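Since the structure comes first, as structure tokens, the remarks are kept for the end.
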Amino acid sequence: MRDRVLAIVTVIAQYVLEARDIPSENDLVVELMEAGYASSEIEAAFGWLEALAHQPPVPSEAGAPLAVPSHRVFTVEEARALSSEARGFLVRLRSLGILDDATQEEIIDRAIEGSDEEVSLDDLKIITALTVFARHQSEWHREVDCLLDEDWSRLYH
Numbered sequence: 025m026r027d028r029v030l031a032i033v034t035v036i037a038q039y040v041l042e043a044r045d046i047p048s049e050n051d052l053v054v055e056l057m058e059a060g061y062a063s064s065e066i067e068a069a070f071g072w073l074e075a076l077a078h079q080p081p082v083p084s085e086a087g088a089p090l091a092v093p094s095h096r097v098f099t100v101e102e103a104r105a106l107s108s109e110a111r112g113f114l115v116r117l118r119s120l121g122i123l124d125d126a127t128q129e130e131i132i133d134r135a136i137e138g139s140d141e142e143v144s145l146d147d148l149k150i151i152t153a154l155t156v157f158a159r160h161q162s163e164w165h166r167e168v169d170c171l172l173d174e175d176w177s178r179l180y181h
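Going by the working numbering, the sequence shown opens with residue 25, and the numbers climb by one from there.
The structure is reproduced here in structure tokens:
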């Protein structure tokens with residue numbers, strides 16, 4: 025079910041990322057149900073997005089460097105829930121200064137929340153992009169595109 029909920033979240037995020045007109049909630053639910061998603065999956069996706077929307081954006085000074093990156097050790101539960109590629113992705117984002125400690129912790133919490141199976145790199149990229157989008161709404165577009173495309177050089181230019 026987790027993969028299907030993330031797929032729904034991705035569909036909704038694509039409307040936003042592509043700056044398309046977002047249909048009404050009812051129209052979107054009908055579209056998703058016609059695509060074969062269950063109402064429980066759709067409700068879970070909307071709940072996940074609503075939780076993100078209610079988080080206050082993190083104030084940041086444009087161009088201000090993040091604190092010196094710390095070295096995080098994953099717990100046994102986190103290591104089991106996140107694939108090695110997903111853990112490596114998080115470590116890389118943190119070591120490059122793209123994520124701060126609080127954002128990294130939030131991503132990890134969301135990824136392992138209710139997870140019955142291992143979280144893949146692709147799933148973690150979606151969670152990361154949506155979390156960064158929710159936390160830094162005014163600066164989101166370029167960073168989200170770079171994260172999804174793994175184009176690290178664009179983050180520095």
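Backbone N, C-alpha and C fix where the C-beta goes; we use that ideal spot for every residue, glycine too. A quick note: this is a predicted structure, and the numbers were derived from the prediction, not measured.
Check: Cα-Cα separation between Ser139 and Glu67, rounded to whole angstroms; Outcome: 17 Å
Check: Best match in Ser107, Ala103, Phe98 for proximity to Asp147 [C-alpha to C-alpha]; Outcome: Ser107
Check: Sequence-distant residues of its chain with Cβ nearer than 8 Å to Gln128 (five each side left out); Outcome: Arg96, Leu114, Leu117, Arg118
Check: Spatially closest choice to Thr99 from Val53, Leu154, Ile136, by CA coordinates; Outcome: Ile136
Check: Collapsed DSSP secondary structure at Val143 in the structure displayed; Outcome: strand
Check: Whole-number beta carbon distance between Glu65 and Ala105, since they are thought to touch under 8 Å; Outcome: Wrong, their Cβ atoms sit about 20 Å apart, outside the cutoff.
Check: Sequence-distant residues of the same chain with beta carbon closer than 8 Å to Ala37, five excluded per side; Outcome: Ile150, Ala153, Leu154, Phe157
Check: Contacts around Val33, its chain only, beta-carbon distance under 7 Å, and the 5 residues preceding and following it disregarded; Outcome: Ala69, Trp72, Leu73, Ile150, Leu154
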